[in-house]
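Accompanying notes for the structure given below.
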Amino acid sequence: MKRNYFSSLTAVMMVALMALASCSKKGELLDTIPADAKIVATIDIKGIMEQAGCKFTDSGIELPESFGSPMDADRKAMLDAVGQMQHEGVCDFSNTVLVVNEKNVPLLTFMIDDPDRFIELTGKQLKWNDGSNGYKEAEGSNTTIIIDGNQAWITESHGDAAKEIEAIKKSAKETPISKLDGVTNALNSSNLVNLAMHSLGVAMNVTEEEESPWSVMKIAIKENKIVADNVVMKGDGEIIKTKGLQTINQAVLAYIPGSFNIAAAMGLTPEFDWKSLTSALGTYGGFQAQAALSVITPYLQAIDGTVLIAAGPANEQAYSDIDPGNWQFILMAHLSQEKVNQIIGMVKSMMFSNGITLREDKNGMLIVPQYGMDCYIGAVDGYLAISNLPFENTRQNELAPLFNGKDMAVSVDLPTLKVFSPAAPAFGVKFTLQGTEDGSQIEFSLNGTNKPILETLIATLAN
């Protein structure tokens, strides 16, 4: 019995060690990345290539026929070298890390089990030299490759590449990102890409913390869709909720015609931090944008309920000629009647100053002639409502399941890209976003084709 017990214990320990070994390379890499990096991403390059239809063989990488004409000899030789290194176990391209430092310089790094074989397999395309600090260094096409012991770094070609790496290593010795348990757990997840962006939480309406938050995204392929899950967290993994959100009122969806294929809605409370968002927009938009935002910000801050924006093509020229007259749209924002009256008064004053005659329909909605069409402005069920078609709350739209129980949701559905150009692909695209105060999920898929999504996208770009 005692022997069986220890045998079982040994088996369990062996399984545990094997599991640890499978992610040890990634963990070892994260020990060399500083916690003050702007962006850190763990990337499964092998998995991405396989999802794109590529096959790893003992002689290199076999590309799918859908990629079209063969690439030039040098690039194909380098790609085959990558395939051979993966096949021989020289290095594992399923465990690579991308880091963007404080100077916005991107660097890709991975571990090498056999540096000499790595140099041998790439020696026909790269000229290797002894660099500074005992590094092996080579120049590629607009890139510098440096081998530091059993670790490779690839970055933009410039004379200070070695210094960039030294700075990263020094900072990582002080505080590696692997010390941030929550971020590290996310980066170690089994996805094609795991992305952690520093300090972006502030732009997501997060109260300032002593510790800058991280926006963490996990990207995978599920049911032939690109799926990205995003949360804002502290370094230890504590989720930071977005303040000022509430559940979307689905009643507004009844105003969207079934022909509309673009819609976005968000449930807001007066606690939502519009100031941070409008300040950021004003910084990029210049003086005129700042002046306009200063006028509308008080009204944005008064929103307490759902905001809806939806649109759809009014004619066949809608996509080839992005003119307001070629589109139908609806905007609804839940405001107090006092604020709605103030906005309507401003519209009347502006139209009068510009010599534009206003009319009213039977429901008391203002009719404003603009861009060769009539725009309707007024109060509808407690909402400020603006549209270029009459309001009706009996329309049927298939968005209800997407918006149900969410604080924010977006849907863009294009049946085919040929509406933009006859030379465009026949397939269409569908983009959806669903979110709550805890985080969000994005899905991207293709309409009109069952082919693998990554292979289709890359083949389209290649051809």
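In the working numbering, the protein residues as written are 239 to 701. Cβ atoms here follow ideal geometry from the backbone N, Cα and C, with glycine treated the same way.
Asked	Found
Please classify Leu430: is it buried, with 16 or more other beta-carbons within 10 angstroms of its beta-carbon, or exposed?	buried
For Ser574 and Ala502, I'd like the C-alpha separation in whole angstroms.	21 Å
With a threshold of 16 other CB atoms inside 10 Å of the CB of Ala259, please say whether the residue is buried or exposed.	For Ala259, the predicted structure reports a pLDDT of 36, less than 50, and the residue's modelled location is therefore unreliable. A value from the coordinates is still provided. Result: exposed.
Taking the alpha carbon of Ile494 as the point to measure from, which residue in Ser683, Phe567, Gly285, Leu699 has its own alpha carbon closest?	Phe567
Rounded to whole angstroms, what's the CA-CA distance from Thr334 to Ile392? Just pull it up for me.	11 Å
So does Asn432 have its beta carbon nearer than 6 Å to some heavy atom of the ligand SAM?	Ligands in the displayed structure: none, and consequently the ligand SAM is not present.
In whole angstroms, what separates the C-alpha of Met307 from that of Ile486?	Before going further, note that residue 307 is Ser rather than Met in the sequence given. Roughly 49 Å between the two C-alpha positions.
According to DSSP, what are the bridge partners of Asn432?	Thr280, Lys456
Give the range of the beta strand (DSSP E) segment to which Gln363 is assigned.	Taken as a continuous stretch (DSSP letters only), Gln363 belongs to no beta strand (DSSP E), as it is neither H nor E.
Excluding the five sequence neighbours on either side, which residues of its own chain have a C-beta within less than 8 Å of the C-beta of Pro660, listed in chain order?	none
Kindly indicate which residue of Tyr537, Ala492, Gly482 has the alpha-carbon position closest to the one of Phe510.	Gly482
Does the separation of the CB atoms of Ile581 and Leu622 fall below 7 Å?	yes
With contact counted as at least three CB pairs below 8 Å, one residue from each stretch, are the segment 272 to 290 and the segment 412 to 420 in contact?	yes
Go ahead and pull the three-state DSSP assignment for Arg313.	helix
I'd like the span of the alpha helix (DSSP H) that includes Ser705, first residue to last.	Because the chain in this structure spans residues 239 to 701, residue 705 falls outside the shown range and cannot be described.
Spell out the partners DSSP gives Tyr621 in its beta bridges.	His572, Val618
Within 10 Å of its beta-carbon, does Asn701 have 16 or more other beta-carbons around it, so buried, or fewer, so exposed?	exposed
Since Leu359 and Met309 should fall inside the 8 Å C-beta cutoff, what is the C-beta to C-beta distance between them, to a whole number of angstroms?	18 Å between Cβ atoms; not a contact.
For Leu699, count neighbouring C-beta atoms within 10 Å of its own C-beta (all shown protein chains included) and say buried if the count is 16 or more, exposed if not.	exposed
What residue does the alpha helix (DSSP H) around Asp419 start on, and which one ends it?	419 to 425
Can you give me the Cβ contacts of Leu438 inside the same chain, cut-off strictly under 7 Å, excluding the 5 residues immediately before and after it?	Here Leu438 scores only 49 on pLDDT, less than 50, and its place in the model should not be relied on; the value that follows carries that caveat. So the list reads Ser453, once near-sequence residues are dropped.
Near Ala647, which residues of its chain fall below 6 Å by C-beta distance, leaving aside the five closest residues on each side in sequence?	Ala503, Leu640, Phe641, Gln672
Within its chain, find whatever has a CB closer than 6 Å to the CB of Asp467; leave out the 5 residues flanking it on each side and keep chain order.	Lys456, Gln679
Look at Phe201 and Gly550 and say whether their C-beta atoms are less than 7 Å apart.	Summary: the structure shown does not reach residue 201, with the chain confined to residues 239 through 701, and so no result is reported for it.
If distances are taken between C-alpha atoms only, which option among Ile500, Ala405, Gly473 comes closest to Leu569?	Ile500
Let me check one thing: in DSSP terms, what residues is Ser678 bridge-paired to?	Asn468, Gly673
Can you round the beta-carbon distance between Lys668 and Asn688 to whole angstroms, since I take them to be within the 8 Å contact cut?	That pair is no contact at about 14 Å.
What residue range is occupied by the uninterrupted beta strand (DSSP E) comprising Lys374?	374 to 377
How many Å lie between Lys362 and Val320 at the Cα?	13 Å
On a Cα-Cα basis, can you pick out the residue from Gln539, Leu491, Gly505 that is closest to Ser514?	Gln539
Out of curiosity, what's the CA-to-CA distance linking Asn601 and Val465?	44 Å
Looking only at DSSP bridge pairs, what is Arg597 linked to?	Ile605
Kindly list the residues whose CB is nearer than 6 Å to the CB of Trp366, restricted to its own chain and excluding five residues on each side of it in sequence; keep chain order.	Ile357, Lys374, Ala376
If you reduce the DSSP assignment to three classes, tell me which class Arg241 lands in.	Only weak support is given to the placement of Arg241: the predicted model assigns it a pLDDT of 38, under 50, and the question is left unresolved by the model.
Compute the Euclidean distance between the alpha carbons of Asp599 and Tyr614, then round it to the nearest angstrom.	9 Å
With respect to the alpha helix (DSSP H) encompassing Thr694, which residues constitute its N-terminal and C-terminal limits?	691 to 700
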